[in-house]
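Q: When the count follows this note's numbering, it moves up by one through the sequence shown with no breaks and lands on 1432 for the last residue.
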Amino acid sequence: MTAQHKDIRRRLLALLFAGNAFTSTMIVAAATVTSLAGESLSGSARFAGLPATVGVLGTAVAASALSQLSYKWGRRRTFVLGAVLAGLGATIAAVSLWIGSFVLLIVGLFIMGPGRAINQLARFAAGDMHADDRRVSAISLIVWAATIGSVLGPRLIARAGAVAEALGIQALAGPFLMAAVGYAMAAFYYFAFLRPDPMELAVVESDGPIDVERRPIREVVRLPAIKLALAALMASQFVMVFVMVISPVHMRANGHNLDAIGWVMMAHTLGMFAVAPITGIAIRRWGTRRVIVAATVVLFVASLVAMTATTADMKTLVVALFLIGLGWNLGFVSGSTVIQEELELRDRVSIQGVGDTLTALAGAVGAFTTGFVIDWWQYRGVGVVGLVVSLVPLIAVSRNRATSRSDDRTGVTSSSGR
């Protein structure tokens, strides 16, 4: 690697960091009020999670499509497209609250999906530019960038709501208006500054050209290490979305205002993103498998705490939602690292989209079902479901351990088996 390539790599990493920090602010602000908007327009807590469900489905569809487009177009044009679509979706969501249309809200949230998809693909764009010994650090740094959004997003909700009310629209439309403007700015940012394309540097850094024939995706997802990664990603996403989406509705039903909800969501998103560099250090020291086990333990404990927040006590919810975010971070970063370390670039680009799609689908199931669970079994039931699903990765860990032992006997090593 030449000194020039190192300088370009650092600059692109900084650009991806700044882009993720900014777009995360839009994502967190909009996500905080999505279930509240759903309940307001549908008139039922049962359907409060439906807009978030459709939004996650939009992310699932976009993740796979944009990953494939990255292979053909490169990251820059793909990110611009994702930001433009997200801005359009946010505009539609804001209009839905203006005219009182639940259907239009759902349409807007679906079109916003590509915004979250490019936010997630950015970690892979950063990882692809680095050799194995620096890849986990690059991924962790991009995930950590969302810490900025996790602080700013919830804190801007009340102000954005005030702007919306000044325009004659209900306050819940404010965060969507902010997201519409923000994504338009992000599209220009990626178009103007994300040069050269990160994918070009990924080709330079890889051991071979990117156009080498790829293995079928079905073959790749059957690899034990990839099964482990997907289990960690999907279980973490399900539990996080399942608890997070309905918590604002639970809080509002117990008398909390938007400002209080914002504080709890800030604690949650801080848990999701702030510890990412520490997670990266833990992975390098103890291996991905042990960190995935840690994710399971944290999510299990968080679900237990959530079970006690039946009256929406704010301190209890802050602890529960922070731990939910922390457990998600451990599972998300370690699962992403397994995908990056176990596959060559030719297979990695394809599975990145598949992994994010499956992860988003797990979140969609969580978002859709959580409203029914709280309606039937109250908030305690939400904690119980989270507790059960949090244990799923342990099955994959045990199977991966057995595979690793078999590999050790034949002289094969695996980073996920550490």
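Glycine included, C-beta positions come from ideal geometry on N, C-alpha and C.
As the structure is a computational prediction, the values presented were derived from the model and not from experiment.
When the Cβ atoms of the stretch 1195-1209 are set against those of the stretch 1313-1331, are three or more pairs found closer than 8 Å?
A: No: the two stretches stay apart, fewer than three of their Cβ pairs being nearer than 8 Å.
Q: Tell me which same chain residues have a C-beta within less than 6 Å of the C-beta of Ala1185, skipping the five on either side of it?
A: Within the same chain, Ala1185 has close Cβ partners Gly1175, Ala1178, Glu1179.
Q: What whole-angstrom Cβ distance do Asn1034 and Ala1239 have, given they're in contact under 8 Å?
A: With a Cβ gap of about 26 Å, Asn1034 and Ala1239 do not count as contacting.
Q: Closer than 6 Å by C-beta to Pro1262: which residues in its own chain qualify, once you throw out the five before and the five after it? Chain order, please.
A: Excluding residues within five positions, the ones whose Cβ falls inside 6 Å are Ser1049, Leu1050, Ile1275.
Q: Pull up the CB-CB distance for Ala1410 and Leu1237, whole angstroms please, since I reckon it's below 8 Å.
A: Ala1410 to Leu1237, Cβ: 12 Å. No contact.
Q: For Gly1367, which option in Val1234, His1264, Ser1164 has the closest C-alpha, if you only look at C-alpha atoms?
A: The shortest C-alpha separation from Gly1367 is found at Val1234.
Q: Report the option in Gln1134, Leu1244, Thr1293, Gly1341 whose CA atom is closest to the CA atom of Val1070.
A: For the residues Gln1134, Leu1244, Thr1293, Gly1341, the minimum Cα distance to Val1070 belongs to Gln1134.
Q: Inspect the beta-carbon positions of Val1042 and Phe1124 and report whether they are closer than 9 Å.
A: No, these two residues do not count as a Cβ contact at 9 Å.
Q: List the endpoints of the continuous alpha helix (DSSP H) containing Ala1140.
A: Its alpha helix (DSSP H) spans residues 1116-1142.
Q: If Thr1309 sits next to Gly1341, beta carbons under 8 Å apart, how far is it from one beta carbon to the other, in whole angstroms?
A: For clarity, residue 1309 is Ala in the given sequence; the question names Thr instead. Indeed they touch by this definition, with Cβ atoms about 5 Å apart.
Q: Helix, strand or coil: how does DSSP classify Ile1231 here?
A: In this structure, Ile1231 counts as helix in the three-state DSSP scheme.
Q: Leaving out the 5 sequence neighbours to the left and right, which residues in its chain are closer than 6 Å to Gly1395 when beta-carbon positions are compared?
A: Answer for Gly1395: Val1387, listed in chain order.
Q: Ignore the nearest five residues each way along the sequence and tell me which others in Tyr1204's own chain have a CB closer than 7 Å to its CB.
A: Once the five neighbours on either side are set aside, the close Cβ partners of Tyr1204 are Gly1033, Arg1090, Phe1093, Val1094, Ala1097.
Q: Do you know offhand how far Gly1369's Cα is from Tyr1085's?
A: Between Gly1369 and Tyr1085, the C-alpha separation is close to 15 Å.
Q: If you measure between the beta carbons of Ile1297 and Val1289, is that distance less than 9 Å?
A: Their beta carbons are not under 9 Å apart, which means Ile1297 does not touch Val1289 by this criterion.
Q: Take the Cβ of Phe1202 as the centre, count every other Cβ of all protein chains shown within 10 Å, and call the residue buried at 16 or more, exposed below.
A: Answer is exposed; the Cβ neighbour count stays below 16.
Q: Just to confirm my understanding: we take Leu1055, look at its own chain, exclude 5 residues before and 5 after, and list those with CB closer than 6 Å. What are they?
A: Answer for Leu1055: Phe1116, Leu1119, listed in chain order.
Q: Would you call the stretch 1251-1260 and the stretch 1341-1356 touching, i.e. three or more CB-CB distances under 8 Å?
A: Counting Cβ pairs under 8 Å, three or more are found: they touch.
Q: Report yes if the CB atom of Ala1200 is closer than 9 Å to the CB atom of Leu1026, and no otherwise.
A: Going by C-beta atoms, Ala1200 is not nearer than 9 Å to Leu1026.
Q: Regarding Val1068 and the ligand SAM, is the C-beta to nearest heavy atom distance less than 8 Å?
A: Looking at this structure, you won't find the ligand SAM or any other ligand, since it has none at all.
Q: Under three-state DSSP, which class holds Pro1189?
A: Helix, per DSSP.
Q: Suppose contacts are defined by Cβ-Cβ distances below 9 Å. Is Ala1074 in contact with Thr1371 by that definition?
A: For Ala1074 and Thr1371, yes; Cβs fall inside 9 Å.
Q: When the Cα atoms are used, what is the spatial distance from Phe1382 to Gly1052?
A: Looking at the two C-alpha atoms, the distance is approximately 11 Å.
Q: Could you check what DSSP says for Ala1032 in three-state terms: helix, strand or coil?
A: If DSSP states are grouped into helix, strand and coil, Ala1032 belongs with the helices.
Q: Determine the DSSP secondary structure at Gly1167, reduced to helix, strand or coil.
A: Three-state result, Gly1167: helix.
Q: Suppose you measure from the CA of Leu1030 to the CA of Ala1216; what does that come to, to the nearest Å?
A: Cα to Cα, the separation comes out at about 14 Å.
Q: Note down the Cα distance separating Leu1080 from Ala1100, rounded to an integer number of angstroms.
A: Leu1080 and Ala1100: Cα-Cα distance of roughly 13 Å.
Q: Secondary structure at Gly1088, three-state DSSP: helix, strand or coil?
A: Three-state result, Gly1088: coil.
Q: If you draw a straight line from the C-alpha of Val1312 to the C-alpha of Arg1148, how long is it?
A: Going from the Cα of Val1312 to the Cα of Arg1148 covers about 26 Å.
Q: I'd like the list of long-range same chain contacts for Met1143, defined as Cβ closer than 8 Å, with 5 residues on each side in sequence excluded.
A: Only Arg1023, Leu1026, Leu1027, Ala1152, Pro1212, Leu1215, Ala1216, Glu1219 meet the Cβ criterion.
Q: Are there 16 or more other CB atoms within 10 angstroms of the CB of Asp1422, so buried, or fewer, so exposed?
A: Residue confidence for Asp1422 is low, a pLDDT of 46 falling below 50, so the modelled location carries little weight; the figure read from the coordinates is stated next. Exposed, by the Cβ-count rule.
Q: Using the Cα positions of Asp1273 and Leu1335, report the straight-line distance between them to the nearest angstrom.
A: C-alpha separation (whole angstroms): 16 Å.
Q: Relative to the alpha-carbon of Ser1164, which residue among Leu1375, Met1040, Thr1373 has its alpha-carbon at the smallest distance?
A: Taking only the C-alpha atoms, the option nearest Ser1164 is Met1040.
Q: For Val1332 and Ala1378, which I take to be in contact (beta-carbon distance under 8 Å), what is that distance rounded to the nearest angstrom?
A: At roughly 26 Å, the Cβ-Cβ gap does not stay under 8 Å, so Val1332 and Ala1378 are not in contact.
Q: Do Val1259 and Thr1384 count as a contact pair if the criterion is CB distance below 9 Å?
A: The answer is yes: Cβ separation under 9 Å.
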